[in-house]
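Chemist: This structure is in structure tokens; I'll ask about it shortly.
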Ligand code: SF4
Ligand code: FES
């Protein structure tokens, strides 16, 4: 084929996509159920399950911090990668523009999440 | 061809025709073809050529699902036309088109140059690790070693998987399913030492990362090669290599 | 001059022409819900970092019918993502050989779904335990 083959940088995005895909496949449905349905509708869980002191303690904990960060950041990178490819699939080859919009928002979300988690403290 | 006396049924075959000398674009033509239950779609198309329109062009050879030359879109699905039967579509009309995603040379004949180039580019032969003389005897293979690549060596180059792959349709440079399956077949062969050279292609921009794991290629493969598996295993390989090259530069990869 | 003039067919609307591709686009589409849900969580996290009142305001906002409706849709979409993620898994991962036999596709998908179910129940149990 081509005499010079350029190494693709896709592995970075692909790895983030895969990690986020796996995390959302494992925990996504239950997370949505807990934060989006059970708590607001008062189903199943005690009403104060996500109360301020509890969530603060959770996000101040090292593991809790890591989990929240991984969920938000990796979900975003997973979705960004998929949406970018879907745009290509349906014939929108916006190239750099689409790439920036997709991965850029994931990046911004990641930074905001990191900043919020750091400001919550340890 | 069936003898006139055993003909009971007539099926409509709609063929996508294209004559590069006269047509701007392909268009459909419907033929009424008498058929018997044992007739394949290929035989239906052959009937058209023999009795209705001698100008119809298509490829075929073995008529037994092994040469890989008779692939066509049949009602929009890539099939080997010699192992697909008219009776399964009757009484509805069956639509026959050239394999998707390839340029049409004429009627049902596609241009396979790109595919042949890809096959060449993967060096589909064992590249010995070190020269070996005849006196050293044959290479021995354990069943486990054979298991690693056997499935990927069953490919008959029919290109149905390419006709099933939207990413190849969207970007013809993508190395694609069958070529990657064959590449993988040699990379995991215990006798081969050419993996490094082939990996340059795998991890390149034409390489495996065009794939979005649609998986339809493996679905349509008549030989259960599972090319999607070869492509996706090599995403992992390329990613490992991508990140580990910083840890152990060169020479580490076998 | 060559009489060859290979005709390249357009790709427009390819995903509508085969049920297999329609399903593919649907499971790719679950990414919108994953992104939107992550955005909801991100807002919650920022509110949490702003103090108790902000957090409670966020919790309260989730009781709006629009949010509930969104989360119902997200639950369906992301559950479907879970199912398709493990369904394609046998095609995407290296073969798993157990006792000299290659693990069949259904076993890989089944294991994945079982692990996902366990992870979900574990998470629920954790939150429940945290609440008490
Ligand atoms: S991998 Fe299967 S579908 Fe593709 S060319 Fe080979 S035999 Fe045909
Ligand atoms: S004619 Fe050989 S595979 Fe069909």
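Residue numbers (the numbering used here), protein chains in the order written: chain Y, 101 to 222; chain B, 684 to 937; chain A, 897 to 1028. Just so you know, even glycine gets a beta-carbon here, dropped at the ideal spot from N, CA and C. Predicted, not measured: the structure shown is a model, and the values here were computed from it.
Look at the Cβ atom of residue 843 (chain B), then the Cβ atom of residue 762 (chain B), and state whether they are nearer than 9 angstroms.
Modeler: In this structure, residue 762 (chain B) lies closer than 9 angstroms to residue 843 (chain B) by Cβ.
Chemist: Would you call the region 131 to 147 of chain Y and the region 1014 to 1028 of chain A touching, i.e. three or more CB-CB distances under 8 angstroms?
Modeler: Yes: the two stretches touch, three or more of their Cβ pairs being nearer than 8 angstroms.
Chemist: Look at the alpha carbon of residue 110 (chain Y) and the alpha carbon of residue 848 (chain B), and state the distance between them as a whole number of angstroms.
Modeler: Near 19 angstroms, if we compare the C-alpha coordinates of residue 848 (chain B) and residue 110 (chain Y).
Chemist: I need the residues with a C-beta less than 6 angstroms from some heavy atom of the ligand FES; please give them in chain order.
Modeler: Qualifying residues, in the order they occur: B:743, B:744, B:745, B:746, B:748, B:749, B:750, B:751, B:752, B:753, B:763 and B:765.
Chemist: Would you check whether the ligand SF4 has a heavy atom nearer than 8 angstroms to the C-beta of residue 916 (chain A)?
Modeler: Not so, every heavy atom of the ligand SF4 lies at least 8 angstroms from the Cβ.
Chemist: Contact criterion: CB-CB distance below 9 angstroms. Does residue 914 (chain A) meet it with respect to chain B?
Modeler: It does: the Cβ of residue 914 (chain A) has a partner Cβ on chain B nearer than 9 angstroms.
Chemist: Given 8 angstroms as the limit, is there contact between the region 802 to 811 of chain B and the region 935 to 952 of chain A, that is, 3 or more CB pairs closer than that?
Modeler: With a cut-off of 8 angstroms, the region 935 to 952 of chain A and the region 802 to 811 of chain B do not count as touching, because too few Cβ pairs lie within range.
Chemist: Does the ligand SF4 have even one heavy atom less than 8 angstroms from the beta-carbon of residue 151 (chain Y)?
Modeler: The answer is no for residue 151 (chain Y).
Chemist: Return the residue from the list B:774, B:742 and B:882 that minimises the CA-CA distance to residue 765 (chain B).
Modeler: Of the candidates B:774, B:742 and B:882, the one whose C-alpha sits nearest the C-alpha of residue 765 (chain B) is B:742.
Chemist: Spell out a yes or no on whether the region 834 to 842 of chain B and the region 898 to 911 of chain B are touching, meaning 3 or more CB-CB pairs, one atom from each, closer than 8 angstroms.
Modeler: At 8 angstroms Cβ cutoff, the stretches touch.
Chemist: Do the region 918 to 933 of chain B and the region 157 to 170 of chain Y meet, that is, are 3 or more Cβ pairs less than 8 angstroms apart?
Modeler: No, they do not touch.
Chemist: Quick one: Cα of residue 1001 (chain A) to Cα of residue 220 (chain Y), how far?
Modeler: Answer to the nearest angstrom: the Cα atoms are 44 angstroms apart.
Chemist: For residue 868 (chain B), tell me which candidate among B:853, B:791, B:916 and B:818 has the shortest Cα-Cα distance.
Modeler: Answer by Cα proximity: B:916.
Chemist: Determine whether the Cβ of residue 111 (chain Y) lies closer than 9 angstroms to any Cβ atom of chain B.
Modeler: Answer yes: the Cβ-Cβ gap between residue 111 (chain Y) and chain B drops below 9 angstroms somewhere.
Chemist: Leaving out the 5 sequence neighbours to the left and right, which residues in its chain are closer than 6 angstroms to residue 886 (chain B) when beta-carbon positions are compared?
Modeler: Here the set comprises 921.
Chemist: Determine, for residue 767 (chain B), whether the minimum Cβ-Cβ distance to residues of chain Y falls below 9 angstroms.
Modeler: Judged by the 9 angstroms Cβ criterion, residue 767 (chain B) is not in contact with chain Y.
Chemist: Write down the C-beta distance between residue 1026 (chain A) and residue 852 (chain B) rounded to the nearest angstrom, noting that I regard them as a contact closer than 8 angstroms.
Modeler: Not really, about 50 angstroms apart at Cβ, beyond 8 angstroms.
Chemist: Classify residue 793 (chain B): buried if its beta carbon has 16 or more other beta carbons within 10 angstroms, exposed otherwise.
Modeler: When all chains shown are included, residue 793 (chain B) counts as buried.
Chemist: Anyone know if the C-beta pair for residue 120 (chain Y) and residue 178 (chain Y) falls short of 9 angstroms?
Modeler: Yes. Within cutoff.
Chemist: By the criterion of Cβ-Cβ separation under 8 angstroms, what are the contact partners of residue 178 (chain Y) in chain A?
Modeler: Within 8 angstroms Cβ-Cβ: 927 and 930.
Chemist: So, is the C-beta of residue 1035 (chain A) closer than 9 angstroms to a C-beta in chain B?
Modeler: Since the first residue of chain A shown is 897 and the last is 1028, residue 1035 (chain A) is not available in this structure.
Chemist: Assuming the contact rule is C-beta atoms closer than 8 angstroms, residue 927 (chain A) and residue 182 (chain Y) should be a hit. Round their C-beta distance to whole Å, please.
Modeler: Confirmed, about 4 angstroms.
Chemist: Please find out if some non-hydrogen atom of the ligand SF4 comes closer than 8 angstroms to the beta-carbon of residue 860 (chain B).
Modeler: Result yes, Cβ under 8 angstroms from the ligand SF4.
Chemist: For residue 203 (chain Y), count neighbouring C-beta atoms within 10 Å of its own C-beta (all shown protein chains included) and say buried if the count is 16 or more, exposed if not.
Modeler: Buried: at least 16 other Cβ atoms inside 10 Å.
Chemist: Do the CB positions of residue 147 (chain Y) and residue 180 (chain Y) come within less than 9 angstroms of each other?
Modeler: No. Outside cutoff.
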